[in-house]
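So the sequence shown is numbered by the numbering used here: it starts at 215 and just counts up by one. For each residue, glycine too, the CB sits at the ideal point set by N, CA and C.
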Amino acid sequence: MSRLLIIGCGGVAGVAIAKCCQNSQVFSEIMIASRTKSKCDAVKEKLQPTTRTVITTARVDADNKEELTALIRSYRPDAVLNLALPYQDLTIMDACLECGVDYIDTANYEPEDIEEPVWRAAYEKRCREKGFTAYFDYSYQWAYQEKFQKAGLTALLGTGFDPGVTSVFVAYAKKHYFDTIDTIDILDCNGGDHGYPFATNFNPEINLREVSANGSYWENGHWVETKPMEIKREYDFPQVGKKDMYLLHHEEIEALGRNFPEVKRIRFFMTFGQSYLTHMKCLENVGMLSTTPIVYEGREIVPIQFLKALLPDPASLGPRTVGKTNIGCILSGRKDGKEKTIYIYNVCDHQECYREVGSQAISYTTGVPAMIGAALVVTKKWDRDGVYTTDEFDPDPYMEMLNQFGLPWVVDENPRTVE
Ligand code: NDP
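Next up, the structure:
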């Protein structure tokens, strides 16, 4: 019986909250706190009659540590699940440390203003030293390792699908299928169609920043960087079919590269249709993806935030989206001296997700693992003092809960590989 404070009330949070309510034995009480309290109240109104979990709501600005600490002290949760944006990760971690509660999130820190001089100088130094230029990386949160260890608290980072489940798939493969893993290809395929000419499946600002950036992969202990969308492959995804996919930089590569030093190459591919890419390129070319404020008719606006206001809200795509996602990992290595390749993946149907929790599969595949990560932390099945990613714990209870809570997985021991 535990109490969870959930921060943020967007697409991913909507699913995680519904799943906490399905798991009342663990989550006897939850508080939903976000910037716009009316959204939290609407979710409570919908779910409270369906569950024994006692739901309360609050307004909080998660950029403000004092507001957060006051809220945590008054609610006294066992853990805080951060489902706001990556911009808020560090303030929420600080507040958790100050109040002595465990911390869980789904995406690693990146700053809102990438032109801020102190951050920019550290970023440029990191680009030179590490060789990848993504705006997000684990260094800011890994820097909290000692603080969480000394406080006797757990910070579980990145428990969405990718990162999150994909990292658990690697830990599971290592535990049950391999003595040594040589290569990992993480494949993220969305075969869904929402019928709009252009929309993003999760927060547009975070999504477009990620997709328009340089790609990179990990090879023999180093980053190899590519131009955006430079490496393209076709793959025939089980239950989805043939799709073009492109190599992207992705955060779990950084953690897996560190935690599984034996692995020689780690790549991440995501599928995109031509129309999505053409729209994105055009928006980028005219400056609409910029996060640097401009003054328009006497008022400061951030182009990508204005674009977000124009695009469909990802949380509204549920009723329109048809088709399936397929996300998983192809791993090659050796077991008992023999070469071996396996593919662990989950297939998720957009319409089935919508019928169950009123949301499309992208929010679903992130919200379910967010609840699972939180459940394992509050029940102390995953209990380590410090800051860890999901690949650093026993994968078995997580894999069991994926089957139990709507994301069943498959192990194919004879898969097609990616060239
Ligand atoms: P949304 O934009 O739908 O929701 C974000 C929520 O956070 C909104 O409710 C928003 O409030 C709230 N919020 C934003 N800023 C603040 C603040 N300062 N204080 C309090 N609340 C705030 O995003 P998603 O649900 O699509 O994504 C949520 C997270 O999940 C993101 O971090 C994203 O990167 C991550 N993610 C991870 C994935 C994975 O596989 N690991 C995949 C997809 C997403 P308001 O309603 O007022 O705007």
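Exercise. Between MET215 and the rest of its own chain, which residues show a CB-CB distance below 7 angstroms, the 5 nearest in sequence each way excluded?
Worked result: For this step, residue 215 is matched to residue 1 along the sequence shown. The residues are SER242.
For this session: Taking only heavy atoms of the ligand NDP into account, decide whether any of them is closer than 7 angstroms to the Cβ of GLY372.
Result: What you label residue 372 is simply residue 158 of the sequence shown in a count that begins at 1. Yes, the Cβ of GLY372 comes within 7 angstroms of a heavy atom of the ligand NDP.
Exercise. Using CA coordinates, which residue listed in CYS313, GLY378, ALA589 is at the minimum distance from GLY366?
Worked result: Locating residue 366 in the sequence shown gives position 152, counting from the first residue. When only C-alpha atoms are compared, the closest one is CYS313.
Exercise. Is the beta carbon of ASN560 less than 8 angstroms from the beta carbon of TRP623?
Worked result: On the sequence shown, position 346 is the one that residue 560 refers to. On the sequence shown, position 409 is the one that residue 623 refers to. Yes, Cβ-Cβ distance for ASN560 and TRP623 is below 8 angstroms.
Problem set entry | Inter-residue spacing [alpha-carbon to alpha-carbon] between LEU218 and LEU299 | What you label residue 218 is simply residue 4 of the sequence shown in a count that begins at 1. What you label residue 299 is simply residue 85 of the sequence shown in a count that begins at 1. One C-alpha to the other measures close to 18 angstroms.
For this session: For GLY581, count neighbouring Cβ atoms within 10 angstroms of its own Cβ and tell me buried if that reaches 16, exposed if not.
Result: Taking the first residue of the sequence shown as 1, we reach residue 581 at position 367. Answer is buried; the Cβ neighbour count reaches 16.
For this session: State the Cα-Cα distance for the pair TYR490 and PRO325, rounded to the nearest angstrom.
Result: By 1-based counting over the sequence shown, the position of residue 490 is 276. By 1-based counting over the sequence shown, the position of residue 325 is 111. Cα to Cα, the separation comes out at about 25 angstroms.
Problem set entry | Through-space distance from SER573 to SER530, alpha-carbon basis | Looking up residue 530 in the sequence shown gives position 316. Looking up residue 573 in the sequence shown gives position 359. Going from the Cα of SER530 to the Cα of SER573 covers about 8 angstroms.
Problem set entry | THR283 in three-state terms, based on DSSP | In the sequence shown, counting from the first residue as 1, residue 283 sits at position 69. Helix at THR283.
Exercise. Does the count of Cβ pairs from the region 609-620 and the region 578-592 closer than 8 angstroms reach three?
Worked result: yes
Exercise. Sorry if obvious, but does the Cβ on LYS554 come closer than 7 angstroms to a heavy atom of the ligand NDP?
Worked result: Residue numbering aside, residue 554 sits at position 340 when the sequence shown is read from its first letter. LYS554 Cβ: outside cutoff for every heavy atom of the ligand NDP.
Problem set entry | Length of the line joining the Cα atoms of ALA575 and ASP563 | For the purposes of this step, residue 575 is taken as the residue at position 361 of the sequence shown. For the purposes of this step, residue 563 is taken as the residue at position 349 of the sequence shown. So the two alpha carbons sit approximately 6 angstroms from each other.
Exercise. Taking one C-beta from the region 447-459 and one from the region 397-409 each time, how about it: are there three or more such pairs within less than 8 angstroms?
Worked result: yes
Exercise. At which residues does the beta strand (DSSP E) containing SER248 begin and terminate?
Worked result: Within the sequence shown, the letter at position 34 stands for residue 248. Taken as a continuous stretch (DSSP letters only), the beta strand (DSSP E) holding SER248 covers 241-248.
Exercise. If you compare alpha carbons, which of THR414, THR505, VAL379 is closest to THR535?
Worked result: Start at 1 with the first residue of the sequence shown, and residue 535 comes out as number 321. THR535 has its Cα closest to that of THR414, out of THR414, THR505, VAL379.
Problem set entry | Residue span of the beta strand (DSSP E) that contains CYS543, given as start and end | The residue labelled residue 543 in the question sits at position 329 within the sequence shown. 538-549 is the extent of the beta strand (DSSP E) around CYS543.
Exercise. Ordered along the chain, which non-local residues of its own chain (more than five positions away) have a Cβ less than 6 angstroms from that of CYS341?
Worked result: Locating residue 341 in the sequence shown gives position 127, where the first residue counts as 1. Cβ within range, chain order: THR347.
Problem set entry | Identified DSSP bridge partners for VAL625 | Start at 1 with the first residue of the sequence shown, and residue 625 comes out as number 411. DSSP, once it has assigned bridges, lists ILE558 as partnering VAL625.
For this session: Alpha carbon to alpha carbon, how far is MET494 from ILE518? Give it in angstroms, no decimals.
Result: Stepping through the sequence shown from its first residue, residue 518 is reached at position 304. Stepping through the sequence shown from its first residue, residue 494 is reached at position 280. Rounded to whole angstroms, ILE518 to MET494 spans 12 angstroms at the Cα level.
Problem set entry | the region 353-363 contacting the region 300-308, beta-carbon criterion three pairs below 8 angstroms | yes
Problem set entry | Whole alpha helix (DSSP H) elements within the region 466-542, 4-residue minimum | 488-499, 517-524
Exercise. Are ALA284 and MET245 closer than 8 angstroms when you measure CB to CB?
Worked result: Locating residue 284 in the sequence shown gives position 70, where the first residue counts as 1. Locating residue 245 in the sequence shown gives position 31, where the first residue counts as 1. Against a cut-off of 8 angstroms, the Cβ pair of MET245 and ALA284 comes out as no contact.
For this session: Using the Cα positions of ASP292 and PRO377, report the straight-line distance between them to the nearest angstrom.
Result: Against the sequence shown, residue 292 aligns to sequence position 78. Against the sequence shown, residue 377 aligns to sequence position 163. When rounded, the distance between both Cα atoms is 23 angstroms.
Exercise. Nearest CA to the CA of ARG249: which residue from VAL268, ILE220, THR265, GLN262?
Worked result: The residue given as residue 249 occupies position 35 in the sequence shown. Checked all of VAL268, ILE220, THR265, GLN262; the closest Cα to ARG249 is ILE220.
Problem set entry | Euclidean distance between Cα positions of LYS552 and ASP396 | Within the sequence shown, numbered from 1, the residue matching residue 552 stands at position 338. Within the sequence shown, numbered from 1, the residue matching residue 396 stands at position 182. Their Cα atoms are separated by approximately 12 angstroms.
Problem set entry | LEU371 - DSSP class collapsed to helix/strand/coil | Numbered from 1 along the sequence shown, position 157 holds the residue referred to as residue 371. DSSP places LEU371 in strand when its eight states are reduced to three.
Problem set entry | Of the residues ILE420, THR270, ILE269, GLN302, the one placed nearest ALA276, counting alpha carbons only | Here the question's residue 276 lines up with position 62 in the sequence shown. Ranking the options by Cα distance to ALA276, first place goes to GLN302.
Exercise. Do the CB positions of LYS388 and ASN434 come within less than 8 angstroms of each other?
Worked result: To locate residue 388, count along the sequence shown from 1; it is residue 174. To locate residue 434, count along the sequence shown from 1; it is residue 220. Contact: no.
Exercise. Applying the criterion that 16 or more other CB atoms from any shown protein chain within 10 Å of the CB defines a buried residue, is ARG266 buried or exposed?
Worked result: Within the sequence shown, residue 266 is the residue found at index 52, counting from 1. With fewer than 16 other Cβ atoms within 10 Å, it is exposed.
Exercise. Which ranges would you report for the beta strand (DSSP E) in the region 426-454 if only whole runs of at least 3 residues count?
Worked result: 429-433, 436-440, 446-451
For this session: Could you give the DSSP three-state label for ASN237: helix, strand or coil?
Result: For the purposes of this step, residue 237 is identified with residue 23 of the sequence shown, where counting begins at 1. Residue state, collapsed to three classes: coil.
Problem set entry | Delimiting residues of the alpha helix (DSSP H) encompassing LEU462 | Counting from one through the sequence shown, the residue named residue 462 turns up at place 248. Unbroken run through LEU462: none, as it is neither H nor E.
Exercise. Beta carbon of LEU370, beta carbon of THR631: below 8 angstroms?
Worked result: Start at 1 with the first residue of the sequence shown, and residue 370 comes out as number 156. Start at 1 with the first residue of the sequence shown, and residue 631 comes out as number 417. Contact: no.
Exercise. Would you report the Cα separation of ILE398 and VAL438, rounded to the nearest angstrom?
Worked result: Locating residue 398 in the sequence shown gives position 184, where the first residue counts as 1. Locating residue 438 in the sequence shown gives position 224, where the first residue counts as 1. Each residue's alpha carbon lies about 15 angstroms from the other.
Exercise. Among all the DSSP beta bridges, which residues are the ones paired with GLY378?
Worked result: Along the sequence shown, read from residue 1 onward, the residue named residue 378 stands at position 164. Beta-bridge pairing links GLY378 to GLY374.
Exercise. Would you report the Cα separation of ILE544 and SER381, rounded to the nearest angstrom?
Worked result: The residue you call residue 544 lines up with position 330 of the sequence shown. The residue you call residue 381 lines up with position 167 of the sequence shown. The straight-line gap from Cα to Cα measures roughly 12 angstroms.
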